[in-house]
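>
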Amino acid sequence: HARVAAGRVSPLAYHMVRCQMTPSLLAANAGISVLRVWWHLRPAAFARLPDGLLSRYADALATDIATLKQLPPAPGR
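Counting from 1 along the sequence shown, just add 638 to a position and that's the residue number in our numbering.
(1) Could you check the C-alpha separation between I703 and L673 for me, to the nearest Å?
(2) Using the three-state DSSP reduction, which class does M654 fall into: helix, strand or coil?
(3) Among the residues of its own chain, which have a CB less than 8 Å from the CB of K707, if the five just before and after it don't count?
(4) Between which two residues does the alpha helix (DSSP H) carrying V642 extend?
(5) Return the Cβ separation of V675 and A665 in integer angstroms, given the expectation that the two are a contact with Cβ distance under 8 Å.
(6) So I670 and R694 are in contact, right, with Cβ under 8 Å, and what is the actual spacing, rounded?
(7) For L699 and chain C, any beta-carbon pair shorter than 8 Å?
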């Protein structure tokens with residue numbers, strides 16, 4: 639959570655960990671190559687993703703696009 643809040647990784651990283659997935663597992667479930675998943679963990683790359691690709695990530699992570707783009711409040715706050 640802290641790394642996403644600091645801007646070091648994208649919100650995709652938080653949701654991936656929340657669902658207990660590795661980049662390779664997320665790639666397999668979303669039908670995306672592992673290298674692309676790693677690239678999308680970068681905040682700048684994630685910010686430019688089209689809705690079609692975000693939809694694939696959202697389906698694999700059992701959430702919606704709006705939630706995927708956001709970081710929830712810190713645990714315990």
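Cβ atoms here follow ideal geometry from the backbone N, Cα and C, with glycine treated the same way.
By the coordinates alone:
(1) I703 and L673 have their C-alpha atoms roughly 21 Å apart.
(2) Judged by DSSP in its simplified three-state form, M654 adopts helix.
(3) Within the same chain, K707 has close Cβ partners P649, L692.
(4) For V642, the enclosing alpha helix (DSSP H) starts and ends at 640–643.
(5) With 8 Å as the limit, V675 and A665 qualify as a contact, their Cβ atoms being about 5 Å apart.
(6) Between R694 and I670 the Cβ distance is about 7 Å, and since that is below 8 Å, they are a contact.
(7) The structure shown has no chain C; it contains just one protein chain.
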